[in-house]
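Protein chains: 2
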Amino acid sequence: MADAPKDTKQLLIETATELIWSESYNAVSVDEICKKADVKKGSFYHFFPSKAHLAMEAMDYCMCNTKGHYDDLFSPTRPPLERFSLMVSYIIEQQKEISAQLGHVCGCPFATLGSELAGQDELIGKKINEICAKKTAYYQSALRDLMVEGLISSETDVVAKSHDIFAFIVGHLIMARIHNDLGFIENHMEKSLLDLIGINRHI
Amino acid sequence: MADAPKDTKQLLIETATELIWSESYNAVSVDEICKKADVKKGSFYHFFPSKAHLAMEAMDYCMCNTKGHYDDLFSPTRPPLERFSLMVSYIIEQQKEISAQLGHVCGCPFATLGSELAGQDELIGKKINEICAKKTAYYQSALRDLMVEGLISSETDVVAKSHDIFAFIVGHLIMARIHNDLGFIENHMEKSLLDLIGINRHI
DNA sequence: AAAACTCTTGACCAACTGGTCAACTGCATG
DNA sequence: CATGCAGTTGACCAGTTGGTCAAGAGTTTT
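Protein sequences appear in the order of chains Y and H. First residue of the first sequence? That's 3 in this note's numbering, and the numbers climb one at a time after it. First residue of the second sequence? That's 3 in this note's numbering, and the numbers climb one at a time after it.
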């Protein structure tokens, strides 16, 4: 999440991501973003036609970042169960890092921004639909591989289950953000997730 | 959610609840709330020392409303499994109603507001802690009753499971809000929830 | 070297932000 | 009647909001 920004546009995107993720879209002003990035407002509006467009590009940036990691974590070369375990570890590490950097637990940037703008900007729904589709695709292929290995019931509704997993993680991240506490995620989420998937059935 | 407002203060709380739930805290201005409630701003600041205080009282109002319903749904006189089923039905009905009234799916008011203000106002975290504690208390007692009836494993970690249920529901509601679509909740949530609780284990 | 292009700058804007205030209303109590 | 008080009103405030723009700087292309 922290590479050297090349150009002004990228700098603005990264600065905005931090600020918006930490606070919220409407709580962060264009002036604030510009000031923190040390860029004049005229430059801002040279690259982005509006604040909303910046937010969209910030989401693309986040998703691009996530994809880089998930393509590895969910590589079909890994045992499917390991993919989920690694994902949970990755989430925990990422949250710890951001929390240390920004001073409090930030949760899922897509859910936070999406929830805030859902009643404001129609476009954001489409964008998050894309992201949701990508994430659930990772889950679905892992679930199918689990099924082949006989680790989950052959009657599992894979698509529905993938959405359950997504909602489950988003929900826990939102709660961690609100309570500013990663304790539950660190201590329980992996087990809870495996349970939701249907692994720990016959202890 | 729609009773006749008695006094100006209650009118403001109800108007603000609608507006904030539908859009977001920072997207709604005091002026807007006052205009819609047909109350002058001076009156607003007669009842509330600040916009943030209004938001707090709006949450209390929502929680009070919820409690009235949940005390019935989760009455120990009901079979524990029925309590969860009724809760899902209640959530669906409530979401449908609000969606029809406000023009789009609104999700969970606590999660939406909480997520937005988590990085802004420390106080909100405490408030939602209260709400979370109350909701999970309903779940926990139902889970314990399920355990006594032998419907879930006697090794279930009731407290952790109650938080999983809470996160699961919050997550699905957030996604419904973002996608502006209740389809998944209507078609899958009850089954998914029973599955998460650990009921549908031996189909 | 001239033109063309991308990028930067700072001044500027109208609309709006959360919040204040002194004066006013109507009603209950003494 | 008068005193007090909860509630109401509209004018007012300084600071901020998202956004514009003409002029200029730096670099490529012709």
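Ideal Cβ positions, reconstructed from N, Cα and C, are used throughout, including at glycine. Quick caveat: nothing in here was measured; it's all calculated off a predicted structure.
**Study point:** Span of the alpha helix (DSSP H) around R179/Y
**Key:** The count along the first sequence starts at 1 and reaches residue 179/Y at position 177. Its alpha helix (DSSP H) spans residues 160-181.
Check your understanding: How big is the Cα-Cα spacing for C110/Y and K128/Y?
Key -> As a first step, residue 110/Y is located in the first sequence; it is residue number 108 there, counting from the start. As a first step, residue 128/Y is located in the first sequence; it is residue number 126 there, counting from the start. Roughly 17 Å separates the two Cα atoms.
Exercise for review: Would you verify that the beta carbon of D62/H is, or is not, closer than 8 Å to some beta carbon of chain Y?
Suggested key: In the second sequence, counting from the first residue as 1, residue 62/H sits at position 60. The beta-carbon of D62/H is placed no less than 8 Å from the nearest beta-carbon of chain Y.
Exercise for review: Answer with buried or exposed for E132/H, where buried requires no fewer than 16 other C-beta atoms within 10 angstroms of its C-beta.
Suggested key: Numbered from 1 along the second sequence, position 130 holds the residue referred to as residue 132/H. E132/H should be labelled exposed.
Review point. Per DSSP, what kind of secondary structure is S10/Y in: helix, strand or coil?
Key: Indexing the first sequence from 1 puts residue 10/Y at position 8. Per the sequence presented here, residue 10/Y reads as Thr, with Ser not at that position. Annotated three-state conformation of T10/Y is helix, per DSSP.
Exercise for review: Below 7 Å CB to CB, which residues in the same chain sit around H106/H once its five sequence neighbours on both sides are set aside?
Suggested key: As a working mapping, residue 106/H is identified with position 104 in the second sequence. In its chain, beyond the 5 residues on either side, N182 have a beta carbon closer than 7 Å to the beta carbon of H106/H.
Review point. So Q122/H is in the alpha helix (DSSP H); what residue range does that whole segment cover?
Key: On the second sequence, residue 122/H is found 120 positions in, with the first residue counted as 1. Run containing Q122/H: none; DSSP gives neither H nor E here.
Practice item. Pull up the distance between the alpha-carbon of E25/H and that of E192/Y, whole angstroms please. Key: Locating residue 25/H in the second sequence gives position 23, counting from the first residue. Locating residue 192/Y in the first sequence gives position 190, counting from the first residue. Rounded to the nearest angstrom, the two C-alpha atoms are 34 Å apart.
Check your understanding: Do S206/Y and C108/Y have their C-beta atoms closer together than 8 Å?
Key -> Absent from the structure is residue 206/Y, since the part of chain Y shown begins at 3 and ends at 205.
Practice item. Please classify N28/Y: does DSSP put it in a helix, a strand, or coil? Key: Position 26 of the first sequence holds residue 28/Y. Note: N28/Y maps to coil in three-state DSSP.
Point to revise | Neighbour list for G2/H in chain Y, Cβ cutoff strictly below 7 Å | key: With chain H running from 3 to 205 in the structure shown, residue 2/H is simply not present.
Review point. DSSP state of D156/Y, grouped into three classes?
Key: Looking up residue 156/Y in the first sequence gives position 154. Residue identity check: residue 156/Y is Ser in the sequence provided, not Asp. In the three-state scheme derived from DSSP, where H, G and I count as helix and E and B as strand, S156/Y is classed as coil.
Practice item. Specify, as a first and last residue, the run of the alpha helix (DSSP H) that G185/H falls within. Key: For the purposes of this step, residue 185/H is identified with residue 183 of the second sequence, where counting begins at 1. Per DSSP, G185/H belongs to the alpha helix (DSSP H) from 185-199.
Review point. Using 8 Å as the limit for Cβ to Cβ distance, is M3/Y near chain H?
Key: To locate residue 3/Y, count along the first sequence from 1; it is residue 1. Confidence is the limiting factor: at M3/Y the pLDDT is only 45, short of 50, which leaves the residue's position unreliable, though a coordinate-based value still follows. It does not: the Cβ of M3/Y has no partner Cβ on chain H nearer than 8 Å.
Exercise for review: Inspect the beta-carbon positions of A60/Y and R179/H and report whether they are closer than 8 Å.
Suggested key: As a working mapping, residue 60/Y is identified with position 58 in the first sequence. As a working mapping, residue 179/H is identified with position 177 in the second sequence. Note that the C-beta distance between A60/Y and R179/H is not below 8 Å.
Practice item. Could you name the residues of chain Y that H190/H contacts, counting a contact when the two beta carbons are closer than 9 Å? Key: Walking along the second sequence from the start, residue 190/H turns up at place 188. Here the neighbours are D159, A162, H165, D166.
Review point. Under 8 Å between C-beta atoms, does M149/Y make it to chain H?
Key: Translated into the one-based positions of the first sequence, residue 149/Y becomes position 147. Using a Cβ-Cβ cut-off of 8 Å, M149/Y does not count as an interface residue toward chain H, since no Cβ of chain H sits closer than that to its own.
Check your understanding: So, is Q103/Y buried or exposed, given that buried needs 16 or more other C-beta atoms within 10 angstroms?
Key -> Counting from one through the first sequence, the residue named residue 103/Y turns up at place 101. Looking at its Cβ environment, which holds fewer than 16 other Cβ atoms inside 10 Å, Q103/Y is exposed.
Check your understanding: Is DSSP giving R146/Y helix, strand or coil here?
Key -> Taking the first sequence and counting its residues from 1, one reaches residue 146/Y at position 144. Correct three-state label for R146/Y: helix.
**Study point:** Close beta carbons around M149/H, own chain, < 7 Å, minus the five adjacent residues each side
**Key:** By 1-based counting over the second sequence, the position of residue 149/H is 147. Around M149/H: S156, T158.
Point to revise | alpha helix (DSSP H) segment containing H71/Y, residue limits | key: Numbered from its first residue, the first sequence carries residue 71/Y at position 69. For H71/Y, the enclosing alpha helix (DSSP H) begins and ends at 53-75.
**Study point:** Nearest residue (CA-CA) to I167/H, options E151/H, C134/H, G152/H
**Key:** The sequence position of residue 167/H within the second sequence is 165, counting from 1. Considering only alpha carbons, the answer is C134/H.
Practice item. Answer yes or no: does any C-beta atom of chain Y fall closer than 8 Å to that of L196/H? Key: Mapped onto the second sequence, residue 196/H falls at position 194. In terms of beta-carbon proximity, L196/H stays away from the interface with chain Y, with every pair separated by 8 Å or more.
Check your understanding: Among H71/H, A169/H, Y141/H, I94/H, which residue has its Cα nearest to the Cα of T114/H?
Key -> The residue you call residue 114/H lines up with position 112 of the second sequence. Of the listed residues, the one whose Cα sits closest to T114/H is A169/H.
Review point. What is the DSSP secondary structure of R80/H, counted as helix, strand or coil?
Key: Translated into positions along the second sequence, residue 80/H becomes position 78. Look at R80/H here: in three-state DSSP terms it is coil, with no helix or strand label.
Practice item. Say whether chain H places a C-beta atom closer than 8 Å to the C-beta of S87/Y. Key: Walking along the first sequence from the start, residue 87/Y turns up at place 85. At a cut-off of 8 Å, the C-beta of S87/Y has no neighbouring C-beta in chain H.
Exercise for review: Going by CA-CA distance only, name the one from F49/Y, I199/Y, V41/Y, A57/Y that's closest to Q122/Y.
Suggested key: Your numbering for residue 122/Y matches position 120 in the first sequence. Measuring from the Cα of Q122/Y, the nearest candidate turns out to be A57/Y.
Point to revise | Closest by C-alpha distance to V172/Y, when choosing among L145/Y, N189/Y, K137/Y, L196/Y | key: As a first step, residue 172/Y is located in the first sequence; it is residue number 170 there, counting from the start. When C-alpha distances from V172/Y are compared across L145/Y, N189/Y, K137/Y, L196/Y, the shortest belongs to K137/Y.
Check your understanding: Nearest to L196/H by CA position, among V161/H, Q97/H, S87/H, F186/H, is which residue?
Key -> The residue you call residue 196/H lines up with position 194 of the second sequence. Selected option, being the one with the closest Cα: S87/H.
Point to revise | Cutoff 6 Å; reference K53/H; Cβ partners in own chain excluding five residues on either side | key: Position 51 of the second sequence, counted from the first residue, corresponds to residue 53/H. V32.
Check your understanding: Does any residue of chain Y bring its CB to less than 8 Å from the CB of A113/H?
Key -> Along the second sequence, one-based indexing puts residue 113/H at 111. True, the Cβ-Cβ gap to chain Y drops below 8 Å.
Practice item. With 8 Å as the threshold, decide whether the Cβ of S26/Y is near any Cβ in chain H. Key: Walking along the first sequence from the start, residue 26/Y turns up at place 24. Chain H, which has a Cβ nearer than 8 Å to the Cβ of S26/Y, makes this yes.
Review point. According to the neighbour-count rule (16 or more other Cβ atoms, all chains shown, within 10 Å of its Cβ), is E84/H buried or exposed?
Key: As a first step, residue 84/H must be located in the second sequence, where it is residue number 82. The residue in question, E84/H, is exposed, as its Cβ has fewer than 16 Cβ neighbours within 10 Å.
Check your understanding: K140/Y and Y72/Y: beta carbons closer than 8 Å?
Key -> Within the first sequence, numbered from 1, the residue matching residue 140/Y stands at position 138. Within the first sequence, numbered from 1, the residue matching residue 72/Y stands at position 70. It should be pointed out that residue 140/Y corresponds to Tyr in this sequence rather than to Lys. Between Y140/Y and Y72/Y, the C-beta spacing is below 8 Å.
Exercise for review: Inspect the CB distances between the region 33-53 of chain Y and the region 15-25 of chain Y and report whether three or more fall short of 8 Å.
Suggested key: Judged by Cβ distances under 8 Å, the region 33-53 of chain Y makes contact with the region 15-25 of chain Y, as three or more pairs qualify.
Practice item. Taking C-beta pairs closer than 9 Å, name the residues in chain H that F170/Y reaches, listed in chain order. Key: Residue 170/Y sits at position 168 when you count from the first residue of the first sequence. Within 9 Å Cβ-Cβ: D166, A169, F170, G173, H174, L198.
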